[in-house]
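Student: So the numbering used here is basically just the index in the sequence shown, starting at one, shifted up by 16. For every residue, glycine included, the Cβ atom is placed at its ideal position computed from N, Cα and C.
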Amino acid sequence: MSREYLPVRVVQPNSDFLHKNSGGGSKPKWFIEENEYSSHQAYLVDEIDDIEIELSTCFTNYPDVPSVIKASLHFDALAKSHRPKSIFNEETCPIIGVDSFGELLLSTTKQGLDSLKLRIKESSTEKQRANVTSVVDIKIFDSADKLQGLDVHELKSRASRDGELYLKVILFNYQDDTINGVVENKFTQLLQSQNTNVDKIVDLKNLSIWRIIGKDMDVIEELCQNPSVKTVSYFPSFEVVTQKSLQEKIFQIDYPTPENGVEYPKVGVIDSGISKDHPTLNPWIIERTNYDPDVYQNNFHGSFVAGLVCMGSHLNGDEICPDAEMIKIVDVQILPDPLKQKITEDELILRLLDSIPTLSQRHQLRIWNMSLSLSVSIKDEKFSSLGSFLDVFQEKNNIILTLPSGNYEHPNQREWPPQDNIGNDDRLQVPADSVRAITVGAIACKENNDSIVKKNQPASYSCKGPGPSYIVKPELIHYSGNVGLNGGTLHFLNQGIRSFDENGCIAEDVGTSFACPLVARTLAILDHKLDSSTSNNLIKALAIHYSQIPDEVKIHNDILPYVGFGVPTSINNILNCTESSITLVFEQEIYEGHSLKYPFVWPESLRDENGKCRGDVKMTLVAGVPLDSNFGSEYIRANITASLGAKTFDKKKNEYKFTSKLKENPKLEAGLYEDELIKNGYKWKPIKKYEGNFRGIKTDEWKIRVSMLLRDGISLDVAPLKFALIFTLSDPKGLTPVYDEVVRGLENENVITNPLKLRSDIQQRINN
């Protein structure tokens, strides 16, 4: 086609697209046989009797603080519609959160337990009786739950620092401001009376983290006995590996320097710092913040990361890094030299709170790269407190973090396809479970005869997903070095990714830390080229929508945990359409109890003589869903979905209906249980990508629908949720005028589209 650079188009929001959902509801479902009901009822009452005995001392010692118990639900009763709220409510023991899958946290008092026992004994309505059958058992939330698998001696060892115990404590949120206030006051007063240091280091929306400094194990036992304490753990330490392989002693000679009067994209680099006399990177640094004296710094890792951020294409070529734009840097030195000093999670949090909000505002800086992780694997069902902190932190400061998936450090490096004996040892590392961040895995940038994997395959050290609750992590991958095995020794000579060391020499290295800044580059260039009003959702969606999975990866079936949605393409490909394709952006607020329905017109050039439609379709959805760490495995509180539907005739019902033609997973069938939809589908996942190759669909009417489902226990009232949906239709042969036909067809349906808004100076250059 003649026109190769046509703009992505944005569908103008219209209230006509918003539709109120029809009422639902179904008969209460039983989860045991009717003849088992009486014995099950008696079993639950006996459990409550046992709980009353176990908690009697707690009720006496803490009369103003509710205790917490947990109710486990039947495997098939996880869906919102089955939640047993007719027996667990304000009159008995209200639900205040969720722990693991199907475990409800209940606030309880002596009176509440008596009322609950009576409610179960005398359940009379069909709904109450069905709710009783949904509960498998009821237990106290005990010390083992609070210690999360550690024993007190192991916790003491890990929490020891400078002769004292530094403990990370999270209290229950009772979903009542008055009770929470009383609980916090009692908690601090008690510990202070025992000369224990108490400090709330994080006090953000739905997340508070306390640092308790004590002298001996008595403080651990005291915390475990306190009914208001949800978890007692420690603050892990961070460090970076400073191994390097020098290739060439080349200093700043041919590398670009900033031009006067030119505004460049920018990225904040949170790392070990860039050396103050770096010959190549210094001109590109906007501002520095340092937290450790020079003598306690090792600037190799920070300089290497910053080099890739600033000029990744110049260092590694456009095949590895397709965009040649230079990037300016805000340098935040947070990580000390690991051989001299370590930084713990609490110190990291305090440094982030101290620096990032101010720097983000001062420099209108949205994209931050933080190439660090703990040697702690994420959990299947619960999000880490650090990941949760980073989520709230990003939302509050309107920033996007890029984080590495983590490095699998083991002599038995993973091959491709993976060998069976790896198991889950190569699982994502904290804080790669941050929902609002973009987590990045690594693929090999080169290969030699002794390389463990081939070029474009997942690097042998790149940690895999999924994230907690099966969310897609990593979302993206990018290039880093390969690892070779020679004579039983691992090495990366002549197969690492290239950047600068702390002295300005060219070095090579490996690690997901160095794939991460290449994704930060893509996000920063998008942020720079698009209008300043562009949402974080849309920036993420654009990067993900056009990402591609290399062909070399596809020899393995279950690739999503290793590569996510793929490698980002060039900015030019992201921001432009061809005449034979069109990309539409939908950004409109969606309200509780409503869905959005957008008319779509299939181009005539992609219909055959019988009116059957063909074409390649791709959709990407990024939703700004609410998050709440009080709800454990149900941390993600809303599910937004998108579908492309065709109006077809249902012969069985003798009626027309819209049927979704673009499925998230062809293997999923209607009627699956909640856990299968979560594990194998996109349910409760904030980022979704759909693709389809359409052939022979006959319909005269298409619609793009966006719908929303809320978790139990959350109500938006009149507050909407925001999302970004990107839709692309293309002619596989690249021959037909898809772009013009779709724009005209939408206009005829009163769907107005405008070119994606770029910054005015960039738009002017394009027009010229």
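If we call anything under 8 Å between Cβ atoms a contact, is LEU725 one with SER515?
Tutor: no
Student: What are the complete beta strand (DSSP E) segments, minimum 3 residues, inside the stretch 108-137?
Tutor: 111-114, 119-124
Student: What residue does the alpha helix (DSSP H) around TYR755 start on, and which one ends it?
Tutor: 754-764
Student: Three-state secondary structure (DSSP) at ASN196?
Tutor: It is helical.
Student: Going by other Cβ atoms of all chains shown within 10 Å of its Cβ, with 16 needed for buried, is TYR78 buried or exposed?
Tutor: buried
Student: The alpha helix (DSSP H) spanning ALA175 covers which residue range?
Tutor: Annotation: the continuous alpha helix (DSSP H) that includes ALA175 extends over 168-175.
Student: Can you list, in chain order, the residues of its chain with a C-beta nearer than 7 Å to that of ASN306? Leave out the 5 residues immediately preceding and following it.
Tutor: GLY289, GLN349
Student: For the beta strand (DSSP E) that PRO484 lies in, which residues bound it at each end?
Tutor: Run containing PRO484: none; DSSP gives neither H nor E here.
Student: Quick one: residues in its chain with C-beta nearer than 7 Å to the C-beta of ARG443, no 5 flanking neighbours on either side, listed in chain order?
Tutor: The residues are SER393, ILE394, CYS479, LYS480.
Student: Looking at the structure shown, is ASN201 part of a helix, part of a strand, or coil, going by DSSP?
Tutor: helix
Student: Identify whether TYR614 lies in helix, strand or coil by the three-state DSSP scheme.
Tutor: strand
Student: Are the CB atoms of LEU206 and VAL248 nearer to each other than 8 Å?
Tutor: no
Student: Within the chosen definition, does the stretch 745-754 reach the stretch 584-602 through at least 3 CB pairs nearer than 8 Å?
Tutor: yes
Student: Check LEU163 in the structure and name its three-state DSSP category.
Tutor: helix
Student: Cβ atoms of ALA662 and PHE674: under 8 Å apart, would you say?
Tutor: yes
Student: Grouping DSSP H, G and I as helix and E and B as strand, with all else coil, what is GLU264?
Tutor: Low confidence applies to GLU264: its pLDDT is 49, below 50, so where it sits in the model is not reliable enough to give any reading.
Student: Expressed to the nearest angstrom, what Euclidean distance is found between the alpha-carbon atoms of SER549 and ILE541?
Tutor: 15 Å
Student: Can you grab the Cα-Cα spacing for the pair ASN709 / VAL638, in whole Å?
Tutor: Answer to the nearest angstrom: the Cα atoms are 22 Å apart.
Student: Take GLU119 and list the residues in its own chain whose beta-carbon comes closer than 6 Å to its own, dropping the five residues that flank it on each side.
Tutor: LYS86, SER88
Student: Out of ILE713, ILE493, SER621, point me to the one whose CA is closest to LEU751's CA.
Tutor: SER621
Student: Please report the straight-line C-alpha distance between PHE117 and GLY520, rounded to a whole angstrom.
Tutor: 50 Å
Student: Ignore the nearest five residues each way along the sequence and tell me which others in THR585's own chain have a CB closer than 8 Å to its CB.
Tutor: PRO338, TYR562, SER563, GLN564
Student: Determine which residues share a DSSP beta bridge with PHE254 and list them.
Tutor: ILE359
Student: Where LYS265 and SER496 are concerned, what is the direct C-alpha to C-alpha distance, given to the nearest angstrom?
Tutor: Any reading at LYS265 is ruled out, since the residue's pLDDT is 48, under 50, leaving its predicted position unreliable.
Student: By the DSSP assignment, the alpha helix (DSSP H) with ARG630 in it spans what residues?
Tutor: In the DSSP annotation of this structure, ARG630 is not part of any alpha helix (DSSP H); the continuous beta strand (DSSP E) holding it starts and ends at 628-639.
Student: Decide if the stretch 391-410 is in contact with the stretch 216-229; the criterion is three or more beta carbon pairs, one per stretch, under 8 Å apart.
Tutor: yes
Student: Given this structure, state the Cα-to-Cα distance separating ASP547 from PRO373, to the nearest angstrom.
Tutor: 21 Å
Student: Shortest alpha-carbon distance to ALA735 belongs to which of VAL256, GLU341, GLU200, GLY609?
Tutor: GLY609
Student: With DSSP as the reference, label ASN213 as helix, strand or coil.
Tutor: strand
Student: Distance check for SER485 and GLU397, CA to CA, integer angstroms please.
Tutor: 5 Å
Student: Look at the alpha carbon of ASP574 and the alpha carbon of ILE468, and state the distance between them as a whole number of angstroms.
Tutor: Computed Cα separation, rounded: 19 Å.
Student: Taking only three categories from DSSP, how would you classify TRP700?
Tutor: coil
Student: From VAL235 to ASP161, what does the alpha carbon distance come to, in whole angstroms?
Tutor: 17 Å
Student: Inspect the beta-carbon positions of LEU417 and SER371 and report whether they are closer than 8 Å.
Tutor: no
Student: To the nearest angstrom, how far is the alpha carbon of LEU688 from that of LYS699?
Tutor: Caution applies to LEU688, whose pLDDT of 45 falls short of 50 and renders its modelled position unreliable; the model cannot decide the point.
Student: With distances taken Cα to Cα, identify the nearest neighbour of LEU809 among ARG430, ILE522, SER529.
Tutor: Residue 809 falls outside the range modelled here, since the chain spans only 17 to 784, and no answer is possible.
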